[in-house]
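Numbering (our numbering), first residue to last: 2 to 102. Note that beta-carbon positions come from the ideal geometry of N, C-alpha and C, so glycine has one too. It should be emphasised that the depicted structure is a prediction, and the values quoted were computed from it without experimental measurement. Single-structure report; data block below.
Here is the structure:
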């Protein structure tokens, strides 16, 4: 049994930082998914894939994994580099590309 510990990134549909401040422990799949022959649905007999444990800090998640005897991998989050753009940048003379109405 192994797991990964990480901070989830924002989805493309989010502009805020909801659900990105906490750490998530997810178990790795132990069985491959299979296609059910009658309906063609994808299924798995591995129930641990449904378990997601949320922690406030990385240390709490690591402590839980070591206390429970779970092998784990920690993925550090990438730092966000905010782009500083202003409305007046659209009208600069040195702008690359054409500006049209």
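Please classify residue i as buried or exposed, where buried requires at least 16 other C-beta atoms within 10 Å of its C-beta.
i, result
"residue 26", "buried"
With H, G and I counted as helix, E and B as strand and the rest as coil, what does DSSP make of residue i?
i, result
"residue 85", "coil"
"residue 52", "coil"
"residue 66", "helix"
"residue 93", "coil"
"residue 59", "helix"
To the nearest angstrom, how far is the alpha carbon of residue i from that of residue j?
i, j, result
"residue 6", "residue 21", "13 Å"
"residue 37", "residue 87", "53 Å"
"residue 67", "residue 41", "39 Å"
"residue 34", "residue 76", "24 Å"
"residue 2", "residue 50", "11 Å"
"residue 85", "residue 52", "39 Å"
Which partner residues does residue i have in the DSSP bridge list?
i, result
"residue 72", "3"
"residue 26", "6, 54"
"residue 43", "36"
Since residue i contacts residue j with CB under 8 Å, what's their CB separation in whole angstroms?
i, j, result
"residue 83", "residue 8", "At roughly 17 Å, the Cβ-Cβ gap does not stay under 8 Å, so residue 83 and residue 8 are not in contact."
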